[in-house]
Amino acid sequence: QKTAYEIGTGDWSSDGALPIYEKLKNLFSYSSEYEIPEDLRKRYDEPVTQEDCVCICYHIVNWKMFLQHLKVSEVFVKNLDEDHRCVEEKCYRGLLKWTRSAGAQGATIRNLCIALIAAGCTEAIEKLSSRGMIPLLFS
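In short: position in the sequence shown from 1, add 186, done, that's the working numbering.
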């Protein structure tokens with residue numbers, strides 16, 4: 187299965203990788219069955235916050251696949267699996283690792299949404315949007 191960064195078609199660079207802009211463009215045109223909520227599209231270039239991580243970690247269907255799409259190392263994922271029993275904790279710590287290693291330039295809402303779509307976690311995207319956050323405010 188391809189990672190979110192490998193999906194797409196177009197002109198390949200000499201090392202076989204498609205430029206990130208083209209990958210993003212192709213991914214969103216490729217995945218026409220799911221539309222990112224407008225409020226998240228407005229946040230595309232913003233860095234993922236700790237609150238964002240908390241919000242979605244309970245809605246990740248397959249945490250290992252999701253972290254693979256974020257390019258979190260297999261060794262780190264294996265250690266998470268051995269060190270923590272709770273799936274949500276594994277996902278949360280993996281997200282924190284990704285945000286720290288990718289930095290503000292790489293750990294953006296756009297890249298998070300790409301990985302969520304690739305891993306089939308559209309419910310997490312809905313929870314991340316302001317529409318999904320409203321019930322959390324009153325619970």
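Glycine included, every Cβ here is placed at the ideal spot set by N, Cα and C.
{"Asked": "Counterpart residues of PRO233 in DSSP-defined beta bridges", "Found": "THR294"}
{"Asked": "Buried or exposed (CB count within 10 angstroms, at least 16 for buried), ASN265", "Found": "exposed"}
{"Asked": "Through-space distance from GLY292 to LEU282, alpha-carbon basis", "Found": "13 Å"}
{"Asked": "Boundaries (first-last residue) of the alpha helix (DSSP H) holding ILE246", "Found": "Element bounds for ILE246: n/a, residue is neither H nor E."}
{"Asked": "Distance, GLU312 Cα to ILE242 Cα", "Found": "9 Å"}
{"Asked": "Alpha-carbon to alpha-carbon, SER315 and PRO223", "Found": "7 Å"}
{"Asked": "Proximity of HIS245 and CYS307 at Cβ, strictly below 8 Å", "Found": "yes"}
{"Asked": "ALA293 Cβ short of 7 Å to the ligand ADP heavy atom set", "Found": "Among the components of this structure there are no ligands whatsoever, and the ligand ADP is therefore not found."}
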